[in-house]
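Engineer: In this note's numbering, the protein residues as written are 155 to 489.
Just so you know, even glycine gets a beta-carbon here, dropped at the ideal spot from N, CA and C.
Here it is, the structure, as structure tokens.
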């Protein structure tokens, strides 16, 4: 018994250190500024032709020497200046690409964010491609009536409201998997999944499409891996000692087959944790990071695609395509 208590104490200390350091980072503007000067790793591929078939050969990896533009498994990390948007749009129109956008607006989140999210998506998300919005909500009657552009449509799906916001976040994995199987797979080639408390501010276009797409978390992409807040509880299915990057679950996507596989795996891990009275540190995001460690994404989006303005100025963020909306957790996450 004493040995078990000692092990639990050690585990708590190990977990406490990176969380404390990250809290200091999040609360200190001066620390955030200094973090921006920590250099990223560099892409060591000699030319675009070194990329494997999962990444479009038109990307210019050398155009952004200030940031990491590829991974060691030959996936591109997409930054402004690396791609020709017209070439991407023409290619995906020729291929007949179509996109399902899933978003959850449950409880007070619907009133606070959904109208702005959808309106901004109409202006900036996959413009020129067929897009279907799948809005998951517990109050279908309150979904705003948005004027949609040609080639766009919306489907509203009623879901139950969980008593805890953590469960809303985690259970979305099953809802997304179910609707891919019943509907999306018959109509769309790709799926992108978003948190609703965000607003599009610039092009979020076809350059982001890929077989499996992950997003670099804006608060972690300059930090050493030691600071990444993976779930380090060995009793959780999301347990990780280390990883490649820290991915943000506010956005993930890919082909419908790959997103279905991801959401099914994350849901299975979440349910196994529940059976063992375990909850991953960052809930579905922890499970997503574990999945992406085992199944490498074919494309990675830079923090341009989901930026938090509270971080302040960063020279490598030349454009912002999606911004974190103000977070009202005190009011939105209360029962």
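Report all residues from its chain with a CB closer than 6 Å to the CB of residue 221; omit the five preceding and five following residues, and keep chain order.
Structural biologist: 194, 233, 470
Engineer: Of all the options 410, 412, 402, which has the alpha carbon lying nearest to the alpha carbon of residue 442?
Structural biologist: 402
Engineer: In the DSSP output, what is residue 478 paired with across the bridge?
Structural biologist: 352
Engineer: State the Cα-Cα distance for the pair residue 460 and residue 229, rounded to the nearest angstrom.
Structural biologist: 19 Å
Engineer: Between 314, 338, 329, 331, which has its C-alpha nearest residue 308's C-alpha?
Structural biologist: Comparing Cα positions, the closest option is 338.
Engineer: Going residue by residue through the region 335–419, where are the continuous beta strand (DSSP E) segments of at least 3 residues, counting only ones entirely within it?
Structural biologist: Runs found: 344–348, 352–354, 366–369, 405–409.
Engineer: Does the region 326–345 come close enough to the region 380–387 to have 3 or more Cβ pairs within less than 8 Å?
Structural biologist: Counting Cβ pairs under 8 Å, fewer than three are found: no touch.
Engineer: Any idea what DSSP makes of residue 271, helix, strand or coil?
Structural biologist: helix
Engineer: How should residue 376 be labelled, buried or exposed, when 16 other C-beta atoms within 10 angstroms of its C-beta is the threshold for buried?
Structural biologist: buried
Engineer: How would you write the range of the alpha helix (DSSP H) that residue 226 sits in, first residue to last?
Structural biologist: In this chain, residue 226 is not harboured by any alpha helix (DSSP H), its DSSP state being neither H nor E.
Engineer: Can you tell me whether residue 329 is buried or exposed? The criterion is at least 16 other CB atoms within 10 Å of its CB, across all chains shown.
Structural biologist: Result: buried.
Engineer: Give me the Cα-Cα distance between residue 273 and residue 361, rounded to the nearest whole angstrom.
Structural biologist: 21 Å
Engineer: Where does residue 196 sit, in a helix, a strand or coil, going by DSSP?
Structural biologist: coil
Engineer: Assess contact between the region 403–417 and the region 363–373, defined as three or more Cβ pairs (one per stretch) separated by less than 8 Å. Is contact present?
Structural biologist: With a cut-off of 8 Å, the region 363–373 and the region 403–417 count as touching, because enough Cβ pairs lie within range.
Engineer: Can you tell which of 448, 197, 477 has its C-alpha closest to the C-alpha of residue 395?
Structural biologist: 448
Engineer: Where does the unbroken beta strand (DSSP E) through residue 288 begin, and where does it stop?
Structural biologist: 285–291
Engineer: When you measure from the CB of residue 374 to every non-hydrogen atom of the ligand MG, does any distance come out below 7 Å?
Structural biologist: Because no ligand of any kind appears in the structure shown, any question about the ligand MG cannot be addressed here.
Engineer: Need the endpoints of the alpha helix (DSSP H) that residue 312 sits in, please.
Structural biologist: Counting along the chain, residue 312 falls outside any alpha helix (DSSP H), though it belongs to the beta strand (DSSP E) covering 306–312.
Engineer: Cα separation between residue 303 and residue 430?
Structural biologist: Between residue 303 and residue 430, the C-alpha separation is close to 47 Å.
Engineer: Do residue 350 and residue 257 have their CB atoms nearer than 8 Å?
Structural biologist: yes
Engineer: So, for residue 439: in the same chain, excluding its five sequence neighbours on each side, which residues have a beta-carbon less than 6 Å away from its beta-carbon?
Structural biologist: 403
Engineer: For residue 185, which three-state DSSP category applies?
Structural biologist: helix
Engineer: Is the distance from the Cβ of residue 358 to the Cβ of residue 476 below 8 Å?
Structural biologist: yes
Engineer: Between residue 462 and the rest of its own chain, which residues show a CB-CB distance below 8 Å, the 5 nearest in sequence each way excluded?
Structural biologist: 372, 373, 477, 478
Engineer: Could you give the distance in angstroms between the alpha-carbon of residue 287 and the alpha-carbon of residue 295?
Structural biologist: 16 Å
Engineer: Quick one: measure Cβ to Cβ for residue 473 and residue 231, integer angstroms, because I've assumed they're closer than 8 Å.
Structural biologist: Their Cβ separation, rounded to whole angstroms, is 15 Å, which puts residue 473 and residue 231 out of contact at 8 Å.
Engineer: For residue 421, I'd like the list of residues in its chain whose CB is within less than 7 Å of its CB, leaving aside the five on either flank, ordered along the chain.
Structural biologist: 327, 328, 331
Engineer: Tell me residue 450's beta-bridge partners as DSSP assigns them.
Structural biologist: None; residue 450 has no bridge partner.
Engineer: Do the CB positions of residue 282 and residue 249 come within less than 8 Å of each other?
Structural biologist: no
Engineer: What three-state label does DSSP hand residue 232 in the structure shown?
Structural biologist: strand
Engineer: Does the separation of the CB atoms of residue 236 and residue 199 fall below 8 Å?
Structural biologist: no
Engineer: Quick check on DSSP: helix, strand or coil for residue 215?
Structural biologist: DSSP places residue 215 in helix when its eight states are reduced to three.
Engineer: Using only the alpha-carbon positions, how far apart do residue 270 and residue 279 sit?
Structural biologist: 13 Å
Engineer: Just verifying my parser: in three-state terms, what is the DSSP assignment at residue 435?
Structural biologist: Looking at residue 435 - three-state DSSP - the assignment turns out to be coil, as it is neither helix nor strand.
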